Every structure is written in C-alpha cells, then in structure tokens.
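Have a look at the structure below before the remarks.
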Amino acid sequence: MSGAAPLPAALLARAARCWRRARDQRAPVQQRLYALLAPLGYEMMAPVIDSVMTIGEACLGRQLCRGCPFGPDGDEALLCALLADPARLDRLPSCRACPERRELFAGALTSARVMAALA
25 MSGAAPLPAA
35 LLARAARCWR
45 RARDQRAPVQ
55 QRLYALLAPL
65 GYEMMAPVID
75 SVMTIGEACL
85 GRQLCRGCPF
95 GPDGDEALLC
105 ALLADPARLD
115 RLPSCRACPE
125 RRELFAGALT
135 SARVMAALA
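In our numbering, the protein residues as written are 25 to 143.
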C-alpha cells in the first residue's frame with residue numbers, strides 16, 4: 025500500500041471527534057459513526073474506526089481527542105500518520121512499552137487501511 029492515508033484526513037478527524045463525543049455521551053458509537061460516514065460512502069468504516077479508536081486508547085494509555093499534548097488537533101494528525109504508516113507506532117514510548125498492545129493496535133490500523141481501500 026502507498027504511504028498516503030487511506031481516508032481523507034478531514035474525514036478521519038471528523039470521525040475521531042464524533043467517536044469521542046459519542047463515547048463521552050454514552051451514546052451508540054457505531055450508529056453515530058455510521059450516520060456521519062454513510063452519506064460519504066464509508067459506512068463500512070464505522071466499526072473499523074470504533075475499533076481503531078478503542079484499541080488506540082488502550083495502546084497509548086490515554087483518551088484520544090481530549091487534552092492531547094500536541095494540541096487540539098494532535099490526535100487527529102497522529103491517527104492520520106499512523107494509518108498512513110502503522111510502523112510509526114514504534115516511535116511512541118507508550119506503544120514501545122507494551123509490545124502486545126502495540127501489535128494489536130498495528131493490526132487494527134492495518135485492517136483499517138484494507139477496509140478503507142475496499143470502501
């Protein structure tokens with residue numbers, strides 16, 4: 025696969041923020057993501073993005089899209105970079121600290137790339 029992000033960065037950022045709001049509101053996350061993504065032809069990405077975000081939080085050891093140390097859009101940029109190149113996980117200290125979580129997150133990112141290519 026090329027180094028380009030499999031989803032438009034703006035769409036991934038919107039989906040990440042949608043996911044965070046739904047989680048915070050204890051709303052049905054995948055339904056909210058589906059409502060955002062379906063009109064754009066990415067409906068099958070709803071469960072994929074849910075998985076990437078959930079596993080990403082476990083790997084990074086913090087909530088995503090809330091209080092990112094790199095600024096308000098830092099997590100969205102990080103997700104775009106990781107989707108473009110899952111090998112970048114090796115550069116993140118929290119992911120290096122737990123190889124099992126890193127491998128799980130890398131698998132979720134790779135799966136997301138495949139699913140986005142099929143969307």
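Beta carbons: idealized from backbone N, C-alpha and C, even for Gly. Remember, it's a predicted structure, so these values are computed and weren't measured experimentally.
Rounded to whole angstroms, what's the CA-CA distance from residue i to residue j? Just pull it up for me.
i	j	result
A101	R47	20 angstroms
R126	R137	16 angstroms
P110	G131	9 angstroms
A140	L64	12 angstroms
M68	R41	18 angstroms
P52	P71	11 angstroms
L31	D74	15 angstroms
P123	R115	12 angstroms
With a cut-off of 8 angstroms on the beta carbons, I'd call residue i and residue j a contact; round off their distance for me.
i	j	result
Y58	A143	Contact flag wrong, Cβ pair sits at about 13 angstroms.
C83	R44	Rounded, the Cβ-Cβ distance is 16 angstroms, inconsistent with contact.
G85	S118	5 angstroms
According to DSSP, simplified to helix, strand and coil, what is residue i?
i	result
A34	helix
A143	coil
D99	helix
Within this structure, are the beta carbons of residue i and residue j separated by less than 9 angstroms?
i	j	result
V76	L133	yes
G80	L103	yes
L36	L107	yes
- Message: Restricting to runs no shorter than 4 residues, where is the alpha helix (DSSP H) found entirely within the stretch 38-73?
- Response: Counting whole runs of 4 or more residues, the stretch 38-73 contains the alpha helix (DSSP H) stretches 53-61.
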